[in-house]
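Notes follow the structure.
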Ligand code: CMP
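Numbering (the working numbering), first residue to last: 1178 to 1319.
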């Protein structure tokens, strides 16, 4: 799959993390996001590792696990990898494809550079993360 930039922008607009980003900011994110595809059973993120990429699911499902515990299945439009990206902390969970998937991937370096160049977007990302933390705490995440 090779998306045109406009199509990428439309997908990114539906991602909760970017829901308040402007057209210009979305275009900037689209310019640093690569499209990647993986088969079923691929571990994209290993719990405890220190890599820092961020993923948006375009198609398919992934399973989030901490140790042996299955935490959640994420679907089209969901994103993951934001904690390692923003906090520069070890990955909090492992993420494995449950089906073949299509994803957008943004490296931590590119994403952080964009945030440091755009305080407005950095604030929006912070707000979205705050909302997500609130939701996930209420939902019993740990
Ligand atoms: P990160 O810690 O960077 O890498 C693992 C990712 O799994 C994490 O970011 C979140 O995006 C996601 N994740 C961690 N815990 C949960 C959970 N309880 N439910 C859904 N997703 C989670």
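Beta carbons are placed, not taken as given, at the ideal position from N, Cα and C, and that holds for glycine.
Quickly, what does DSSP pair residue i with across the bridge? List them, please.
i: residue 1247; result: 1242
i: residue 1211; result: 1282
i: residue 1222; result: 1272
i: residue 1233; result: 1256, 1281
Using 8 Å as the threshold, is the C-beta distance between residue i and residue j below it?
i: residue 1214; j: residue 1278; result: yes
i: residue 1216; j: residue 1274; result: yes
i: residue 1256; j: residue 1282; result: no
i: residue 1203; j: residue 1189; result: yes
i: residue 1276; j: residue 1230; result: no
i: residue 1298; j: residue 1210; result: no
i: residue 1253; j: residue 1241; result: no
i: residue 1302; j: residue 1292; result: yes
i: residue 1235; j: residue 1263; result: no
For residue i, count neighbouring Cβ atoms within 10 angstroms of its own Cβ and tell me buried if that reaches 16, exposed if not.
i: residue 1196; result: exposed
i: residue 1300; result: exposed
i: residue 1221; result: buried
i: residue 1271; result: buried
i: residue 1268; result: buried
Just tell me which of the options has its CA closest to the CA of residue i.
i: residue 1185; options: 1280, 1272, 1291; result: 1280
i: residue 1239; options: 1247, 1228, 1310, 1251; result: 1251
i: residue 1228; options: 1261, 1289, 1207, 1201; result: 1261
Please report whether the beta-carbon of residue i lies at a distance below 8 Å from any beta-carbon of chain C.
i: residue 1188; result: Going by chain labels, chain C is absent from the structure shown, which holds only one protein chain.
Does any heavy atom of the ligand GTP sit closer than 7 Å to the C-beta of residue i?
i: residue 1244; result: This structure lacks the ligand GTP; its bound ligands are the ligand CMP.
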